[in-house]
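A.B. asks: Chains as they are written, first to last, in our numbering: chain A, 183 to 295; chain B, 364 to 479.
Every residue gets a Cβ at the ideal spot worked out from N, C-alpha and C, and that includes glycine.
Mind having a look at this structure? Questions to follow.
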C-alpha cells in the first residue's frame, strides 16, 4: 500500500517569513495530493491540492509543487501570519480499490510574532 | 450549516460496551469515508461508501467494527465490545463523484471516543 512520509514534524518561523513542508510517497500510481490544515480541536480543512498532471499550483500565499519522478511534493506558505499556526497534513490518493487518502504524520507549524 | 456533520461530538464509554456514531455528509455528495485519528497522527482510512455500497475496508477495520449507509445518505459506524485501544477521534468525510472532481474530501468535526 501507499506510504507517505512528511518532514519536518515541527517548524517554527518568524512572522512574515516563508515556510516549506515536504512529503514523499511510495506508490507511483498515486495521482492526487491534497494538503489539510488542522487547528487544535477542529476538523481537517482542505487548503490546496494538486493532481499528477500538474507540476505546481498556487492560491494566494500558498503553493504546492509536485515532482512525480522523485515522488515528492511540497507545501509553500509565503508571508506567514499568526493564523497560519496549525498542524498541516499532506496526503496521497491512488484510487483503484484503495480509495482512502493516505496521510503523513503532520507538521506543527508555529509562527513566531 | 451545509458541511459534514457528526454526532455525538464526544462519547465516553466503558470497555466492553458498544457504541454507534453517525455521519451526515454534504447533501449532494455520494461518497462517504470513515477515518480514525489518534493524537499526534494523521487520519487513517477505515472504510468508504459510494451511495449505499461499501466498496473498501482497511485492514484496520477489525470484525468489531461495522459501518452502514442504508439509503445512501447518512452513515453509522458501530464498534462492538470496545477496547481501550479504540480511543481516538473518528472522522467522517464526503466527496462528490461529479465531472471528475471526485477526489476532494471534506471532513466533519469528528466524534471523540474515550474508552475507560
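#1: Pick from B:403, B:368, B:427, B:395: whose alpha carbon is nearest that of residue 444 of chain B?
#2: Given a limit of 8 Å on CB to CB distance, which residues of the stretch 216-231 of chain A reach chain B?
#3: Indicate the three-state DSSP secondary structure (helix, strand or coil) for residue 227 of chain A in the structure shown.
#4: Between residue 411 of chain B and chain A, is the shortest Cβ-Cβ distance under 8 Å, so that the two count as touching?
#5: Rounded to whole angstroms, what's the CA-CA distance from residue 392 of chain B to residue 366 of chain B? Just pull it up for me.
#6: Chain B beta carbons: is any one of them nearer than 8 Å to that of residue 239 of chain A?
#7: Does residue 428 of chain B come within less than 8 Å of chain A when only Cβ atoms are used?
#8: Given that residue 253 of chain A touches chain B, what residues does it touch there, using C-beta distances under 9 Å?
#9: Run through the stretch 188-212 of chain A for me and flag every whole beta strand (DSSP E) of 3 or more residues, listed as ranges in chain order.
#10: I'd like to know if the stretch 260-276 of chain A and the stretch 217-234 of chain A are in contact, where contact means that at least 3 CB-CB pairs between them fall below 8 Å.
#11: When DSSP labels each residue in this structure, what does residue 443 of chain B get in the three-state scheme?
#12: Which bits of chain A does residue 470 of chain B rub up against, with CB to CB less than 7 Å?
#13: Pick out whichever of B:478, B:440, B:466, B:454 has its Cα sitting closest to the Cα of residue 472 of chain B.
#14: Cα-Cα, which of A:292, A:283, A:264, A:255 is closest to residue 188 of chain A?
#15: Report the rounded CA-to-CA distance for residue 249 of chain A versus residue 377 of chain B, giving the unit in angstroms.
#16: With a threshold of 8 Å between beta-carbons, can residue 282 of chain A be considered close to chain B, or not?
#17: Identify whether residue 216 of chain A lies in helix, strand or coil by the three-state DSSP scheme.
#18: For a cutoff of 8 Å on Cβ pairs, would you count residue 404 of chain B as touching chain A?
#19: Spatial neighbours of residue 382 of chain B within its chain, please: C-beta separation below 8 Å, excluding the five flanking residues on both sides.
C.D. replies: Well, looking at it:
#1: Checked all of B:403, B:368, B:427, B:395; the closest Cα to residue 444 of chain B is B:427.
#2: 216, 218, 224, 225, 226, 227, 228, 231
#3: Annotated three-state conformation of residue 227 of chain A is strand, per DSSP.
#4: yes
#5: 11 Å
#6: By this cut-off, residue 239 of chain A is not an interface position.
#7: no
#8: Chain order gives no chain B residues near residue 253 of chain A, where near means a beta carbon separation below 9 Å; the closest approach is about 18 Å.
#9: Within the stretch 188-212 of chain A, the complete beta strand (DSSP E) runs of at least 3 residues are 192-196, 201-207.
#10: Contact between the stretch 260-276 of chain A and the stretch 217-234 of chain A is present, because at least three Cβ pairs lie under 8 Å.
#11: coil
#12: Residues of chain A passing the Cβ test: 225, 226.
#13: B:454
#14: A:255
#15: 48 Å
#16: Interface criterion met: the Cβ of residue 282 of chain A is under 8 Å from a Cβ in chain B.
#17: strand
#18: Yes, contact with chain A.
#19: Leaving aside the five residues that flank residue 382 of chain B on each side, the residues in its chain whose CB is nearer than 8 Å to its CB run, in chain order, 374, 376, 441, 442, 445, 476.
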